[in-house]
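First up is the structure itself, then whatever we jot down about it.
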Amino acid sequence: MTTPRDLLITVMDEVPGDPVERGELSLGLAGAELIDLLAAGAVTLGGDEGDRIVPGGPTGMGDRLLDQARASLVADAPYESVGDWLWRRGRDLASAYVAALEAEGHVTRQRRGWTFRPGRPVLADSLDHRLAGDRRRSNEPVLAALVTAVGIREEEDEGDTPGVADDAVDTVLAAVNDAALELEALRQRREIEQSAFDNIWRGE
């Protein structure tokens, strides 16, 4: 199992509906990929601000989507910032992970009445599902921080969740949180603009 898969399974367990509709989740999955690449030594963080993704080390991650992530890294200096990576790599990433779990039999689709349209994805009872649940219940700090950053749960009490003892991982988690907040601000601004536009047409 990988951190992105554990994050997706956790979200699907805790929030009803289609996780693909959550842009914050895609950003969180991109961050989770980067955390796993850091753990494997496939990347390091460098640059003056310590937030540039420097490829190096192994290229094979043993997971198709992580291999894609590793292959898509910017290979030349000044490299790519963590924030830029989240927005670029995160585009439609939740869809890709749901499709991967579905292809492996970890996710099924509920039927929508008598229609032929596929329903929302539902987790199957599998070892991966149980292992992700164990990781979440253990309050493992990286997964707990990602779950909070993508807005699935309110911020956890600091006393309940041990801190992350890795500066690079902390940098990634902070970037995920910032990106998720930025996405929410963009969403709210669009809603306000749309409401103002509708009011004009109604003559209000």
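For the sequence shown, the residue numbers in the numbering used here are 258 to 461.
Backbone N, C-alpha and C define an ideal beta-carbon position, used for all residues, glycine too.
Less than 8 Å separating the beta-carbons of residue i and residue j?
i           : j           : result
residue 407 : residue 260 : no
residue 332 : residue 362 : no
residue 312 : residue 330 : yes
residue 290 : residue 346 : yes
residue 307 : residue 405 : no
residue 276 : residue 351 : yes
To the nearest angstrom, report how far apart residue i and residue j are at their CA atoms.
i           : j           : result
residue 303 : residue 287 : 18 Å
residue 339 : residue 262 : 20 Å
residue 325 : residue 420 : 29 Å
residue 264 : residue 422 : 20 Å
residue 424 : residue 323 : 21 Å
residue 393 : residue 442 : 28 Å
residue 269 : residue 292 : 21 Å
residue 437 : residue 391 : 25 Å
residue 360 : residue 353 : 11 Å
residue 301 : residue 426 : 10 Å
residue 356 : residue 364 : 8 Å
residue 409 : residue 305 : 33 Å
residue 383 : residue 294 : 25 Å
residue 446 : residue 377 : 28 Å
residue 395 : residue 358 : 23 Å
residue 414 : residue 444 : Note that residue 414 scores 45 on pLDDT, short of 50, meaning its location in the model is unreliable; the coordinates nonetheless yield the value given after this. Using only the alpha carbons, I get a separation of about 27 Å.
Find the nearest neighbour of residue i within the set the options, judged by alpha-carbon distance.
i           : options               : result
residue 523 : 307, 344 and 305      : Look at the range of the chain in this structure, 258 to 461, and you will see that residue 523 is not part of it.
residue 283 : 427, 359 and 403      : 403
residue 432 : 341, 295 and 323      : 341
residue 318 : 296, 305, 449 and 334 : 296
residue 271 : 292, 365 and 379      : 379
residue 434 : 269, 268, 276 and 285 : 285
residue 401 : 377, 430 and 383      : 430
Just confirm the distance between the C-beta atoms of residue i and residue j, as a whole number of angstroms; I'd bet it's less than 8 Å.
i           : j           : result
residue 266 : residue 349 : At roughly 19 Å, the Cβ-Cβ gap does not stay under 8 Å, so residue 266 and residue 349 are not in contact.
residue 327 : residue 299 : 5 Å
residue 258 : residue 388 : 5 Å
residue 309 : residue 336 : 4 Å
Consider the Cβ of residue i: report whether some Cβ of chain C lies at a distance smaller than 8 Å.
i           : result
residue 382 : The structure shown contains no chain C; it holds only a single protein chain.
Just grab the DSSP bridge partners of residue i for me.
i           : result
residue 311 : 301
residue 268 : Residue 268 is not bridged to any residue.
residue 337 : 310
residue 380 : 364
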